[in-house]
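Numbering-wise, the sequence shown is residues 1462 to 1836 according to the numbering used here. We put the CB at the ideal spot given by N, CA and C, even for glycine. The structure presented is a predicted model; accordingly, all values stated were derived computationally and were not measured. Quick notes on the structure that follows.
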Amino acid sequence: MELNDLFFKENPFRTGPSLNPAELLWAGFPKLKSDIESRLVFAMKTSPSRIVLNWGRYGSGKTHAANYYTKTNRVNQIATEKNTIEPRCIKINLPRTSKDPVQSFFRSFLGQIGLKQIKEDLDRLNTEYPGQIGQIIDINSNDIIVSDLFKLLIEEDGSDEDFFPTVEAYIFGDNAKSTLQKLGLPFGLRDDEQVVNFLSTYLNCITYEKHIYSAFILWIDEFEDIDTLNKQSQDRITTFIRQLFDKTPNNFLLFLNFTPKTFFNVEDLSIMLGEALSTRAKIRINFQEPNIGEAIQYIKELIASQLIEGSNELGPFLDEGVFEYVLENIGILSVRKINEVLSLILELAVLMEHSKPIDVDFVKSIRDEIPSFES
């Protein structure tokens, strides 16, 4: 027996975040989606930079939301609907194990937006403002070395195949004499503040007057893991983020995905983020536990996404009573738990070659196989 015998093309209940854009979809939770998208529209349509705290328990969908809005074309669809320029969106996980979290963050950033992409964005800006690019770079940077580096990227004509590897080595602190002579620049980027200056200069330039991108949207996932860093690293990363935010005062939207530990209240956030950063994170989106009605709607929309054409709208499930029985017996609800339980039910139905509709009696017969079921 295969999954298509249960009327599904693929298992609709993913048990982990997908990175494939084709597999990312939004199901249910219309208010949560509206809350997120209203922040995205604000970023595209208005200038002031903002920090938004996405607050919710483990498995509540924060990582999925970050993936959905950074890896699919949904944000560009919103820009089209609102008749505005598209933003640039990326997601970075908080560096957890590195001895140098700022450098790890920087490398993650450039792993998604490489130097060639930065060069392309600057070239677009140069085309949009002919003869003004040097002045725009100077306006948006308070670091002469970084300004000169960006101007060097503008001047690059493609004739030197070693140019980008040399620049990459330079910005990661390569102070070799040959590197410095080749680029005609002094020492490489040596400290956290210069990394901030590089990133803020780039963000300020590409969102300048909202002509190239309407905003830059950054999601930092698993921010609660900052408490796994030592005190010095915690201070470095929070200072780094605060400085980046302060030096990018316009057209920058920062989402912080945060899963509170047990007995942790939002009022305790200043201890972890530091007072300076926590006071800037005034906007909060709550990823709350769904009620049974919201959970059933979520399940139905997931099922619809993978049904074989012409199948019953609930696929192999007899009726919504099956969902109600499951949801009432697995404790506190979360998106992750719902997916894990229903995925396991489908797997067991295939394994046991259960060809009849999945009803409450079948679920009762396998409940001991489902870890989340309450005794």
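- Along the region 1647-1684, the beta strand (DSSP E) occurs as fully enclosed runs of 3 or more residues at 1677-1682, listed in sequence order.
- In this chain, the alpha helix (DSSP H) harbouring R1500 covers P1491 to K1506.
- Straight across, the Cα-Cα distance linking E1750 with V1783 is about 20 Å.
- CA-CA distance, V1787 to G1754, rounds to 13 Å.
- For R1511, the enclosing beta strand (DSSP E) begins and ends at R1511 to G1517.
- Annotated as distal: T1720 and L1664, with beta-carbon spacing of 8 Å or more.
- Put simply, of I1678, I1831 and D1604 the residue whose alpha carbon is nearest the alpha carbon of L1646 is D1604.
- For the region 1563-1589, the full-length alpha helix (DSSP H) segments reaching 4 residues or more read 1576-1589 along the chain.
- For a cut-off of 8 Å, the C-beta gap from I1574 to L1586 is around 15 Å, too long to register as a contact.
- When DSSP states are grouped into helix, strand and coil, R1828 belongs to the helix group.
- Contact between R1557 and T1689 holds, with the beta-carbon distance rounding to 5 Å and staying under 8 Å.
- Under the DSSP assignment, R1745 falls in the beta strand (DSSP E) whose first and last residues are I1744 to F1748.
- Its Cα nearest to that of N1773, the residue I1819 stands out among H1672, I1819 and Q1538.
- With a cut-off of 8 Å on Cβ pairs, the region 1676-1684 is in contact with the region 1545-1555, counting three or more such pairs.
- Only buried fits T1662, as 16 or more other CB atoms lie within 10 angstroms of its CB.
- Between L1660 and V1628, the gap from beta carbon to beta carbon reaches 8 Å or more.
- In this structure, the beta-carbon distance from I1546 to Y1674 falls below 8 Å.
- Per DSSP, F1624 lies in no beta strand (DSSP E); the unbroken alpha helix (DSSP H) holding it starts and ends at F1624 to I1632.
- Per DSSP, the beta bridge partners of F1713 are F1677.
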